[in-house]
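Read the structure below first, then the notes.
Number of protein chains: 2
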Amino acid sequence: MSLRHAVLGLLAERQASGYDLMKLFETSLANVWPATQSQVYGELGKLAASGLVTVASEGPRGRKEYAITDDGLAELRHWLTETEPDRVRRSEVLLRVFFLGALTPLEATAYLDLEAARAARHHASLEALGGSVDWGDDRLSVHGRLALEYGLRLTAMQEEWAKWAVGQIAARPE
Amino acid sequence: MSLRHAVLGLLAERQASGYDLMKLFETSLANVWPATQSQVYGELGKLAASGLVTVASEGPRGRKEYAITDDGLAELRHWLTETEPDRVRRSEVLLRVFFLGALTPLEATAYLDLEAARAARHHASLEALGGSVDWGDDRLSVHGRLALEYGLRLTAMQEEWAKWAVGQIAARPE
DNA sequence: GTTGACATGTAATTGGTTACATGATTAG
DNA sequence: CTAATCATGTAACCAATTACATGTCAAC
Numbered sequence: 192m193s194l195r196h197a198v199l200g201l202l203a204e205r206q207a208s209g210y211d212l213m214k215l216f217e218t219s220l221a222n223v224w225p226a227t228q229s230q231v232y233g234e235l236g237k238l239a240a241s242g243l244v245t246v247a248s249e250g251p252r253g254r255k256e257y258a259i260t261d262d263g264l265a266e267l268r269h270w271l272t273e274t275e276p277d278r279v280r281r282s283e284v285l286l287r288v289f290f291l292g293a294l295t296p297l298e299a300t301a302y303l304d305l306e307a308a309r310a311a312r313h314h315a316s317l318e319a320l321g322g323s324v325d326w327g328d329d330r331l332s333v334h335g336r337l338a339l340e341y342g343l344r345l346t347a348m349q350e351e352w353a354k355w356a357v358g359q360i361a362a363r364p365e
Numbered sequence: 192m193s194l195r196h197a198v199l200g201l202l203a204e205r206q207a208s209g210y211d212l213m214k215l216f217e218t219s220l221a222n223v224w225p226a227t228q229s230q231v232y233g234e235l236g237k238l239a240a241s242g243l244v245t246v247a248s249e250g251p252r253g254r255k256e257y258a259i260t261d262d263g264l265a266e267l268r269h270w271l272t273e274t275e276p277d278r279v280r281r282s283e284v285l286l287r288v289f290f291l292g293a294l295t296p297l298e299a300t301a302y303l304d305l306e307a308a309r310a311a312r313h314h315a316s317l318e319a320l321g322g323s324v325d326w327g328d329d330r331l332s333v334h335g336r337l338a339l340e341y342g343l344r345l346t347a348m349q350e351e352w353a354k355w356a357v358g359q360i361a362a363r364p365e
C-alpha cells in the first residue's frame, strides 16, 4: 500500500492538487514509484475520506488543493519508522537471462549487448537530470539526490554486468 | 504477462509438474520472479488450454507432468527475441528515501544503516548459495549463475550506497 | 497410526493499467 | 477562435496475494 504513503509524503512537503501530484510522480518519483492519474485521484479521495488529508482550498476548473492533516503526518511517520519496506522485486530483464539457453549464443549476446546499451543510456539521462534540475535546499531535493545517486550506481553496475555476461557467454565452449 | 513465459522457460528445460515448478520458483527464480502456488497451477491450466504445453504423463496423487509443445517453444523464443522486457521498477526502499525529511536525522540514519546491514546479509546469503548449489552444466545453471552474479553486484552496490548516504546526511548542517 | 512431503485446485481481495469521458481557462 | 494545458473523474480488466479446501502416499 505504498501509493497511499507516496501521496502523503509529497503532501507533507507542500500542499498540492491531484494534477500537481501527477507531475511530481512523472518527474521525481518516476523511477521509484510510478503512478497513473486514475490511481492518484482515487487515492486522494480515499485519503480525504479517512481524514489523512483535507481539501485546503478550491480553485478554478474544479481544482482542489489538498493538505496533509496531523493524522496524515502521524501515519506517514508511522509507516517510515514502524513498518518494514516490501522488498519483493520482479525483474523481467533478469528472468529472461535464465532462459537465454533457448536462444543461439549470437541471439543471447545480442540481448545482453542491448541491455548494456540501455543501461548506459539510462545512466546518461540520469546524469543529465542531475545537471538540469535546480536542486533546491528543500527536503525533497536533498533526499531526491540520494535516490538519484542510487540510480547512477545501479545503471553503472548494470552496464558493467551485462558486458561481463557477454564475455561469459563468449567464453563457453558450444 | 511474464509468469506465462517463466513457466514456459522452465518447461523448455525439462518436463515438470506444478509441484516441481513451485520448487523451482522458490529456489532459482525466487529473487527474480516470485510466484505463488495458485498462480502456477492456474497458469498451467491456461497454457494447456491454449496448446503451449501438454500433460505428458499422469502419476500418483493426481500428479500431472507437463511438457512444452512446439507452439510453446516458438512462443518462448518469440517472447525472448521479438518483445521488449517491461522495465518498470518500483522500490519501496527508495520511495522512503525521498521522505526521510519527515524524520529526525537520527531516525533517517537508522533507516539507512538498517538497509546497509540488510544488503550485506543478502549479499552473504547469495554467496552461500553460489557455494552450495551443485551448479551443473545444464543451461539453467549456466544462466542462473549470470543472474546470481547480478545479485552479488547489486547487493554490494546497495550496501556501499547506503553507507555513503548516511555520510551525506551526517554532513548536512541541521 | 500419524507425521510430513507430495499434489492440486478455488475464491476473495487488492493494486495497478488502460481506456473512456468531460469540461474550463489561458495564450497566441 | 483555437490549440495547449489545466483539471477531475469512472469503468473494465489483469496480475498477484492470501486464504481456504482437499486428498494421497511413504517412512518411521
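Chains A and B, in that order, give the protein sequences. Our numbering numbers the first residue of the first sequence as 192 and each following residue consecutively. Our numbering numbers the first residue of the second sequence as 192 and each following residue consecutively. Here a beta-carbon is modelled for each residue, glycine too, at the ideal position from N, C-alpha and C.
query: Run through DSSP, which three-state label would residue 246 of chain A get?
result: Here DSSP, grouped into helix, strand and coil, assigns residue 246 of chain A to strand.
query: Name the chain A residues whose beta carbon is nearer than 7 Å to that of residue 287 of chain B?
result: In chain order: 271, 276.
- prompt: Would you report the Cα separation of residue 217 of chain B and residue 274 of chain A, rounded to the nearest angstrom?
  reply: Approximately 25 Å between the Cα atoms of the pair.
- request: Starting from residue 255 of chain B, follow its DSSP beta bridges and name the residues at the other end.
  value: Looking at the DSSP output, residue 255 of chain B bridges to B:249.
field: Continuous beta strand (DSSP E) assignments of at least 3 residues falling wholly in the region 192–253 of chain A
entry: You should have 244–249.
query: Are the CB atoms of residue 334 of chain A and residue 322 of chain B nearer to each other than 8 Å?
result: In this structure, the beta-carbon distance from residue 334 of chain A to residue 322 of chain B does not fall below 8 Å.
message: Does the distance between the C-beta of residue 321 of chain B and the nearest non-hydrogen atom of the ligand MN fall short of 7 Å?
response: In the structure shown, the ligand MN is absent, as is every other ligand, since no ligand is present at all.
- prompt: So, is the C-beta of residue 291 of chain A closer than 8 Å to a C-beta in chain B?
  reply: Interface with chain B (8 Å Cβ-Cβ cutoff): residue 291 of chain A is included.
- prompt: How many Å lie between residue 229 of chain A and residue 297 of chain A at the Cα?
  reply: Spanning the two alpha carbons is a distance of roughly 43 Å.
- request: Determine which residues of the region 304–330 of chain B have a Cβ less than 7 Å from any Cβ of chain A, and write them out in chain order.
  value: If the cut-off is 7 Å between Cβ atoms, the region 304–330 of chain B has 330 near chain A.
- request: Give the single residue among A:231, A:224, A:344, A:329 whose Cα lies nearest to the Cα of residue 212 of chain A.
  value: Nearest option by C-alpha distance: A:231.
query: Which runs of the beta strand (DSSP E), 3 residues or longer, sit entirely within the region 252–338 of chain B?
result: DSSP runs (the beta strand (DSSP E)) wholly in the region 252–338 of chain B: 255–259.
task: Find the residues of chain B that neighbour residue 268 of chain A, judging by a C-beta separation of less than 9 Å, and give them in chain order.
output: Ordered by position in chain B, the residues that pass the 9 Å Cβ test against residue 268 of chain A are 293, 294, 298.
- prompt: If contact means a Cβ-Cβ distance below 9 Å, which residues of the region 220–249 of chain A contact chain B?
  reply: Identification of residues in the region 220–249 of chain A having a C-beta nearer than 9 Å to some C-beta of chain B yields 220, 222, 223, 224, 225, given in sequence order.
Spatial distance of residue 261 of chain B from residue 313 of chain A (CA atoms): The alpha-carbon separation between residue 261 of chain B and residue 313 of chain A amounts to approximately 37 Å.
task: Report buried or exposed for residue 269 of chain B, applying the criterion of at least 16 other Cβ atoms within 10 angstroms of its Cβ.
output: By the 10 Å Cβ count, residue 269 of chain B comes out exposed.
task: Using 10 angstroms around the beta-carbon of residue 278 of chain A, count the other beta-carbons present and answer buried if the total reaches 16, otherwise exposed.
output: By the 10 Å Cβ count, residue 278 of chain A comes out exposed.
- request: Tell me, please, whether the CB atom of residue 256 of chain A is closer than 8 Å to any CB atom in chain B?
  value: The beta carbon of residue 256 of chain A does not come within 8 Å of any beta carbon belonging to chain B, so the residue lies off that interface.
message: Since residue 256 of chain A and residue 247 of chain A should fall inside the 8 Å C-beta cutoff, what is the C-beta to C-beta distance between them, to a whole number of angstroms?
response: Sure, about 5 Å apart at Cβ, within 8 Å.
- prompt: Thinking C-beta only, is residue 360 of chain A closer than 8 Å to residue 300 of chain A?
  reply: Cβ atoms of residue 300 of chain A and residue 360 of chain A: closer than 8 Å.
query: Thinking C-alpha only, which one of A:267, A:345, A:233 is nearest residue 282 of chain B?
result: For residue 282 of chain B, the closest alpha carbon among the candidates A:267, A:345, A:233 is that of A:345.
- prompt: Do residue 319 of chain A and residue 350 of chain A have their CB atoms nearer than 8 Å?
  reply: No, they are not a contact pair.
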